[in-house]
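Peer 1: Numbering (my numbering), first residue to last: 471 to 503.
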């Protein structure tokens, strides 16, 4: 995960949504592999 640009979140809700989306993306790529 080094070199990843993690945006500054204005709220916890925003941060949660970001990580949720990210984990969904990773889940998808794992299933496709």
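By construction, the Cβ of each residue, glycine as well, lies at the ideal position given by its N, Cα and C atoms.
Could you give the distance in angstroms between the alpha-carbon of residue 477 and the alpha-carbon of residue 496?
Peer 2: For the purposes of this step, residue 477 is taken as residue 7 along the chain shown, with counting starting at 1. For the purposes of this step, residue 496 is taken as residue 26 along the chain shown, with counting starting at 1. One C-alpha to the other measures close to 18 Å.
Peer 1: Between which two residues does the alpha helix (DSSP H) carrying residue 499 extend?
Peer 2: Within the chain shown, numbered from 1, the residue matching residue 499 stands at position 29. Per DSSP, residue 499 belongs to the alpha helix (DSSP H) from 482-502.
Peer 1: I need the straight-line Cα distance from residue 498 to residue 481, nearest angstrom please.
Peer 2: Here residue 498 corresponds to residue number 28 of the chain shown, with the count starting at 1. Here residue 481 corresponds to residue number 11 of the chain shown, with the count starting at 1. Cα-Cα distance, rounded: 26 Å.
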